[in-house]
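Peer 1: Quick note: the sequence shown uses this note's numbering, first residue 272, plus one each step.
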Amino acid sequence: MPTVPIDFTSLPKTELHMHLEGSIPVEALFALVKKHDRLDEAPTIEHVRKRYEFDDFSHFLEVYKWTVSFLKTADDYEFVAYEVAKTLVAQNVLFAEIMVGLGNSVAIGKHDPVEIVRAAWRGFKAAEVQHGIKIRIQIATGRDHGAEFSLARLKDIEPLLNEVDICAFNMGGSEHVHPLPQFKAVFKRAHDMGLRVSVHAGEVSGPQDIYDALDLNPQRIGHGIRAALDPTLMDELKQRDIALEVCPVSNECTGAVNRLADHPLPRLLAAGVPLTLSSDDPAMFHTSVTREYEVAHEVLGVPTRKLIKVAREGFKRGFMDETLRTELLAKFDSEARKWCDTRRITYPE
272 MPTVPIDFTS LPKTELHMHL EGSIPVEALF ALVKKHDRLD EAPTIEHVRK
322 RYEFDDFSHF LEVYKWTVSF LKTADDYEFV AYEVAKTLVA QNVLFAEIMV
372 GLGNSVAIGK HDPVEIVRAA WRGFKAAEVQ HGIKIRIQIA TGRDHGAEFS
422 LARLKDIEPL LNEVDICAFN MGGSEHVHPL PQFKAVFKRA HDMGLRVSVH
472 AGEVSGPQDI YDALDLNPQR IGHGIRAALD PTLMDELKQR DIALEVCPVS
522 NECTGAVNRL ADHPLPRLLA AGVPLTLSSD DPAMFHTSVT REYEVAHEVL
572 GVPTRKLIKV AREGFKRGFM DETLRTELLA KFDSEARKWC DTRRITYPE
């Protein structure tokens, strides 16, 4: 049942499932349109905003590739990384993991993956210095590019591990066309490099994709909402303590669910599946991590106190060192208690 709206902006949060290329604010993308003399494609910022509207998942992928085509230089990556970080600061996100895609940017854009990662890191570090937000990079590839491509990208970025805070390896892409067992060697390599692992699975396909993901020994699973169809799988996720990164608005936009009201988030929570809330590609899906909390509350009826626990779970699940985790959990508890007090909500223990 829909509930009374609450503004979750100032509640301290994490953002653990966010693609850099899908998060570029329209103002920043329009700046790149002008920089690269492509005003014939989008002469005003309103044209850019309309480009962020799409009919189906295939159209979304076209728009995604169009957006990536404006990231032509290392400076472009540094610029958008900083601008994306600012959108998180405005929502009181204290810790974020942002996926830097080495799929289309390398295969289509022909960019040097090392320079991409270094440039994005400069932008994130500038945001940390100026605003205090802690950001880590996930290296992301896609199933569509094949196992050898992903292995090559892991080899590319290995020398950066002592230079850049790369916290994890992630993989997205077509679930139906490229089953995860094809990529066992890739994930083994990521583990051997000391990276944590998350993997997109069970977003649009069935529970089997999530079972396949579990064979790769991930610490988290991106989306994973099809687990709600399988009580045994939900119990396994709970027993193995593997959290889902749930992105409700994205799931509606891509057709993973027909409408937000049908989203299985309440079922997953009721089953005790560990999970966090994230925004995926917020610029393209016209959302934010704050809006994801609002949707969970107002559309899906998740109680506020439960959402405070979900927010805290993000700090427990983030790929960070234990010193930082302790610091951020203490900060969360302090700020979230004050947030609750001003709204006459009992802080959940």
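Heads up, the beta-carbon is just placed ideally off N, CA and C, and yes, glycines get one too. Keep in mind it's a predicted model, so treat the numbers as computed, not measured.
1) Please determine if the region 606-618 and the region 560-573 are in contact, where contact requires at least 3 C-beta pairs separated by less than 8 Å.
2) From the DSSP output, which residues share a beta bridge with residue 368?
3) Whose C-beta lies closer than 7 Å to the C-beta of residue 288 among residues of the same chain, with five residues either side of it excluded?
4) Provide the residue(s) that pair with residue 467 in DSSP beta bridges, ordered along the chain.
5) Need the endpoints of the alpha helix (DSSP H) that residue 306 sits in, please.
6) Hey, would you say residue 244 sits closer than 8 Å to residue 451, going by beta carbons?
7) For residue 353, count neighbouring Cβ atoms within 10 angstroms of its own Cβ and tell me buried if that reaches 16, exposed if not.
8) Using the three-state DSSP reduction, which class does residue 243 fall into: helix, strand or coil?
9) Nearest CA to the CA of residue 344: which residue from 386, 305 and 462?
10) By DSSP's criteria, residue 492 is part of a beta bridge. Which residues make up the other side?
11) So, with DSSP's three-state summary, where would you put residue 561?
12) Out of 355, 488 and 328, which one is the CA nearest neighbour of residue 511?
13) Taking Cβ to Cβ, would you say residue 447 is nearer than 8 Å to residue 476?
14) Please look up how many angstroms separate the CB atoms of residue 454 and residue 414, rounded, as I've assumed it's under 8 Å.
15) Give me the Cα-Cα distance between residue 595 and residue 471, rounded to the nearest whole angstrom.
16) Among all the DSSP beta bridges, which residues are the ones paired with residue 412?
17) Measuring alpha carbon to alpha carbon, tell me which of 514, 522, 461 and 486 ends up nearest residue 587.
18) From residue 373 to residue 335, what does the alpha carbon distance come to, in whole angstroms?
19) With residue 399 as the anchor, note down where its alpha helix (DSSP H) starts and where it stops.
20) According to DSSP, is residue 531 helix, strand or coil?
21) Around the Cβ of residue 618, are there at least 16 other Cβ atoms within 10 angstroms (buried) or fewer (exposed)?
22) Would the beta-carbon of residue 411 fall within 8 Å of that of residue 286?
23) Go to residue 285, then tell me how far its beta strand (DSSP E) extends in each direction, as first and last residue.
24) Output the distance between the C-alpha atoms of residue 525 and residue 534, rounded to the nearest integer angstrom.
25) Between which residues of its own chain and residue 577 is the CB-CB distance below 7 Å, once the five residues before and five after are set aside?
26) At the level of alpha carbons, what is the spacing between residue 589 and residue 365?
27) So if DSSP puts residue 289 in a beta bridge, which residue, or which two residues, is it bridged to?
Peer 2: Let me lay it out:
1) no
2) For the purposes of this step, residue 368 is taken as the residue at position 97 of the sequence shown. According to DSSP, residue 368 bridges with 407.
3) The residue labelled residue 288 in the question sits at position 17 within the sequence shown. Here the set comprises 493, 516, 518, 549 and 551.
4) Taking the first residue of the sequence shown as position 1, residue 467 is located at position 196. Note: residue 467 sits in a beta bridge opposite 439.
5) Indexing the sequence shown from 1 puts residue 306 at position 35. 297-306 is the span of the alpha helix (DSSP H), which, as asked, contains residue 306.
6) Limits of the chain in this structure are 272 at one end and 620 at the other, which puts residue 244 out of reach.
7) Here the question's residue 353 lines up with position 82 in the sequence shown. Counting Cβ neighbours within 10 Å, residue 353 comes out buried, since at least 16 surround it.
8) The requested residue 243 does not occur in the structure, where the chain is confined to residues 272 to 620.
9) As a working mapping, residue 344 is identified with position 73 in the sequence shown. That would be 386, whose Cα lies nearest to the Cα of residue 344.
10) Taking the sequence shown and counting its residues from 1, the one referred to as residue 492 is at position 221. Residue 492 pairs with 470 and 515.
11) Along the sequence shown, one-based indexing puts residue 561 at 290. Residue 561: helix per DSSP, three-state reduction.
12) Residue numbering aside, residue 511 sits at position 240 when the sequence shown is read from its first letter. Closest option to residue 511, Cα to Cα, is 488.
13) Residue numbering aside, residue 447 sits at position 176 when the sequence shown is read from its first letter. Residue numbering aside, residue 476 sits at position 205 when the sequence shown is read from its first letter. Cβ distance < 8 Å, so residue 447 and residue 476 count as in contact.
14) The sequence position of residue 454 within the sequence shown is 183, counting from 1. The sequence position of residue 414 within the sequence shown is 143, counting from 1. 7 Å between Cβ atoms; contact.
15) Looking up residue 595 in the sequence shown gives position 324. Looking up residue 471 in the sequence shown gives position 200. Taking the straight line from one Cα to the other gives about 26 Å.
16) Here residue 412 is taken as the residue at index 141 of the sequence shown, counted from 1. Looking at the DSSP assignment, residue 412 forms a beta bridge with 442.
17) If you number the sequence shown from 1, residue 587 lands on position 316. Answer by Cα proximity: 514.
18) On the sequence shown, residue 373 is found 102 positions in, with the first residue counted as 1. On the sequence shown, residue 335 is found 64 positions in, with the first residue counted as 1. Each residue's Cα considered, the two are about 13 Å apart.
19) Locating residue 399 in the sequence shown gives position 128, where the first residue counts as 1. Residues 384-402.
20) Numbered from its first residue, the sequence shown carries residue 531 at position 260. Reduced to three states, the DSSP call for residue 531 is helix.
21) Start at 1 with the first residue of the sequence shown, and residue 618 comes out as number 347. Exposed, by the Cβ-count rule.
22) Working through the sequence shown from its first residue, we reach residue 411 at position 140. Working through the sequence shown from its first residue, we reach residue 286 at position 15. The answer is no: Cβ separation not under 8 Å.
23) Position 14 of the sequence shown, counted from the start, is the residue given in the question as residue 285. Residue 285 -> beta strand (DSSP E) spans 284-286.
24) Taking the sequence shown and counting its residues from 1, the one referred to as residue 525 is at position 254. Taking the sequence shown and counting its residues from 1, the one referred to as residue 534 is at position 263. Going by the C-alpha atoms only, they are around 13 Å apart.
25) Stepping through the sequence shown from its first residue, residue 577 is reached at position 306. If we look at residue 577 and ignore the five residues flanking it on each side, its Cβ neighbours are 540.
26) Looking up residue 589 in the sequence shown gives position 318. Looking up residue 365 in the sequence shown gives position 94. Cα to Cα, the separation comes out at about 11 Å.
27) Stepping through the sequence shown from its first residue, residue 289 is reached at position 18. Residue 289 is bridged to 551.
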